[in-house]
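**Student:** Numbering-wise (the working numbering), the sequence shown opens with residue 15 and increments by one.
Mind looking over this structure? Questions follow.
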Amino acid sequence: MTVYFIGAGPGAADLITLRGARLLARCRVCLYAGSLVPRDLLAECPADARLVDTADLDLDRITEELVRAHRAGHDVARLHSGDPSVFSAVAEQMRRLDAESVPYQMVPGVPAFAAAAAALGRELTVPTVGQTVVLTRLAQQATPMPPGEDLATLGASGALLVLHLAARYADRVAAELLPHYGPDCPAAVVAFASRPGELVIRGTLDSIADQVRTAGITKTAVILVGRVLTATPFRDSHLYSTTRERGA
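Okay, structure coming up:
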């Protein structure tokens, strides 16, 4: 039997992929992050499925549930918010499953930064303005960041930064990035992207922290900083250029 690490998407239940929904509908066991995964998705599970909220479980107990289901002959849907390839903590789960010889597969989901871009109505890669997106986070109360991945180092690139798990520390984000991006650099915060309570804040690097504080945003949000957020004069991409040679 197989454990499927399924990306549930950024919040809206209908943003799960078709593959994810189909697997959810046939797995007899479902482990889900109750604080992040929309409850509506659980309606896709079989009526007699075992549903386990992992919000209060540690890695040992989660592993026990996965291994027990496998040994009982059940496929398992392991629902994670967003996409399991980024900030999902699946790596340590897969390492445990390897040690127990339990097979698994990853099923991509819509990541939070993509939902945030949709809420902003912006492409995050604009010709001649920005072609790089850096996904990162802060280590304020979490696992330390590796050397060279601090905000000052990443900000020196001038690329669009998308920060997860950082809304509570917007002041620190602004202070560390101001020397590299300048006070007038566009910034935005999207909270609860794709959900009914979605909240979008647009500003600049010198104002965004105050705006976040006033709005009371502390979690389930991403911070975006970069010139592409408001870029208007830019050249058309080569992809659809009228001067590009196209084959028959």
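Using N, Cα and C, we set each Cβ at its ideal position, and we do this for glycine too.
For Val-66, which residues does DSSP report across the bridge?
**Tutor:** Counting from 1 along the sequence shown, the entry for residue 66 is found at position 52. Paired residues: Leu-45.
**Student:** Closest by CA to Leu-45, which one among Val-140, Asp-67, Ala-39 and Asp-28?
**Tutor:** The count along the sequence shown starts at 1 and reaches residue 45 at position 31. It is Asp-67.
**Student:** Looking at Gln-119 and Thr-16, is the spacing between their C-beta atoms short of 8 Å?
**Tutor:** Here residue 16 is taken as the residue at index 2 of the sequence shown, counted from 1. Here residue 119 is taken as the residue at index 105 of the sequence shown, counted from 1. A contact, by the Cβ cut-off of 8 Å.
**Student:** Do you know offhand how far Ser-102's Cα is from Glu-259's?
**Tutor:** Position 88 of the sequence shown, counted from the start, is the residue given in the question as residue 102. Position 245 of the sequence shown, counted from the start, is the residue given in the question as residue 259. Going from the Cα of Ser-102 to the Cα of Glu-259 covers about 43 Å.
**Student:** Would you mind working out which of Tyr-254, Leu-56 and Ala-207 sits nearest Pro-125, comparing C-alpha positions?
**Tutor:** Working through the sequence shown from its first residue, we reach residue 125 at position 111. If we check each option's Cα against that of Pro-125, Ala-207 comes out closest.
**Student:** Is it buried or exposed, Glu-58, if we count other Cβ atoms within 10 angstroms and call 16 or more buried?
**Tutor:** If you number the sequence shown from 1, residue 58 lands on position 44. Buried, by the Cβ-count rule.
**Student:** Measure from the alpha carbon of Arg-9 to the alpha carbon of each residue in Ser-115, Arg-92 and Leu-191, then state which is nearest.
**Tutor:** Because the chain spans 15 through 262 in this model, residue 9 falls outside it and cannot be assessed.
**Student:** Thinking Ala-22 and Asp-54 are a contact (beta carbons under 8 Å), I'd like their distance in whole angstroms, please.
**Tutor:** As a working mapping, residue 22 is identified with position 8 in the sequence shown. As a working mapping, residue 54 is identified with position 40 in the sequence shown. Contact doesn't hold; Cβ gap of about 10 Å is too wide.
**Student:** So the candidates are Arg-241, Leu-243 and Gly-25; which of them puts its Cα closest to the Cα of Pro-210?
**Tutor:** Reading the sequence shown from its first residue, position 196 is the one you call residue 210. Of the listed residues, the one whose Cα sits closest to Pro-210 is Gly-25.
**Student:** Beta-carbon within less than 7 Å of Ala-345's beta-carbon, same chain only, minus the 5 sequence neighbours each way: which residues are those?
**Tutor:** Past the boundaries of the shown model lies residue 345; the chain is included only from 15 to 262, so the question cannot be answered.
**Student:** Unbroken alpha helix (DSSP H) runs of length 4 or more, entirely within the stretch 106-153: which are they?
**Tutor:** DSSP runs (the alpha helix (DSSP H)) wholly in the stretch 106-153: 126-134.
**Student:** So, with DSSP's three-state summary, where would you put Leu-253?
**Tutor:** The residue labelled residue 253 in the question sits at position 239 within the sequence shown. DSSP places Leu-253 in helix when its eight states are reduced to three.
**Student:** Count the other CB atoms, across all protein chains shown, that sit within 10 Å of the CB of Pro-52; report buried if there are 16 or more and exposed otherwise.
**Tutor:** Your numbering for residue 52 matches position 38 in the sequence shown. It is buried - the Cβ of Pro-52 has at least 16 other Cβ atoms within 10 Å.
**Student:** Give the straight-line distance between the Cα atoms of Val-148 and Phe-127, rounded to the nearest whole angstrom.
**Tutor:** Reading the sequence shown from its first residue, position 134 is the one you call residue 148. Reading the sequence shown from its first residue, position 113 is the one you call residue 127. Roughly 10 Å between the two C-alpha positions.
**Student:** To the nearest angstrom, how far is the alpha carbon of Pro-160 from that of Leu-177?
**Tutor:** The residue you call residue 160 lines up with position 146 of the sequence shown. The residue you call residue 177 lines up with position 163 of the sequence shown. One C-alpha to the other measures close to 16 Å.
**Student:** Quick one: complete beta strand (DSSP E) runs, 3+ long, within the stretch 178-219?
**Tutor:** For the stretch 178-219, whole beta strand (DSSP E) runs of length 3 or above, ordered along the chain, are 200-205 and 213-218.
**Student:** Please check the pair His-194 and Gly-217, which I expect to be a contact at CB under 8 Å, by giving their CB distance rounded to whole angstroms.
**Tutor:** Looking up residue 194 in the sequence shown gives position 180. Looking up residue 217 in the sequence shown gives position 203. With a Cβ gap of about 17 Å, His-194 and Gly-217 do not count as contacting.
**Student:** Between Thr-152 and the rest of its own chain, which residues show a CB-CB distance below 6 Å, the 5 nearest in sequence each way excluded?
**Tutor:** On the sequence shown, position 138 is the one that residue 152 refers to. In the sequence as presented, Thr is not what sits at residue 152; that position holds Leu. Closer than 6 Å at the Cβ level, and outside the excluded window around Leu-152, lie Ala-180 and Tyr-183.
**Student:** Using the three-state DSSP reduction, which class does Ala-22 fall into: helix, strand or coil?
**Tutor:** As a first step, residue 22 must be located in the sequence shown, where it is residue number 8. It is coil, neither helix nor strand.
**Student:** Measuring CA to CA, which of Arg-33, Gly-96, Arg-186 and Thr-234 is closest to Ala-205?
**Tutor:** Translated into positions along the sequence shown, residue 205 becomes position 191. Checking every option, the nearest Cα to that of Ala-205 belongs to Thr-234.
**Student:** Round the Cβ separation of Leu-243 and Leu-134 to the nearest angstrom and send it over; I've been treating them as touching at under 8 Å.
**Tutor:** By 1-based counting over the sequence shown, the position of residue 243 is 229. By 1-based counting over the sequence shown, the position of residue 134 is 120. Indeed, because the Cβ distance is near 7 Å, the residues count as touching under 8 Å.
**Student:** What's the C-alpha gap between Glu-78 and Val-143?
**Tutor:** Here residue 78 refers to the residue found at position 64 when the sequence shown is read from its first residue. Here residue 143 refers to the residue found at position 129 when the sequence shown is read from its first residue. Each residue's alpha carbon lies about 49 Å from the other.
**Student:** Where do the ends of the beta strand (DSSP E) carrying Ile-237 lie?
**Tutor:** Indexing the sequence shown from 1 puts residue 237 at position 223. 235-239 is the extent of the beta strand (DSSP E) around Ile-237.
**Student:** Looking at His-94: is its Cβ nearer than 8 Å to the Cβ of Ala-130?
**Tutor:** Taking the first residue of the sequence shown as position 1, residue 94 is located at position 80. Taking the first residue of the sequence shown as position 1, residue 130 is located at position 116. It is not a contact, given that the beta carbons lie outside the stated cut-off.
**Student:** List the whole-angstrom C-beta distance separating Arg-42 from Asp-97, where the pair is believed to meet the contact cut-off of C-beta under 8 Å.
**Tutor:** Start at 1 with the first residue of the sequence shown, and residue 42 comes out as number 28. Start at 1 with the first residue of the sequence shown, and residue 97 comes out as number 83. About 24 Å; that fails the 8 Å criterion.
**Student:** On the CB-based measure, 16 or more other CB atoms within 10 Å of its CB, does Tyr-18 come out buried or exposed?
**Tutor:** Translated into the one-based positions of the sequence shown, residue 18 becomes position 4. That one is buried.
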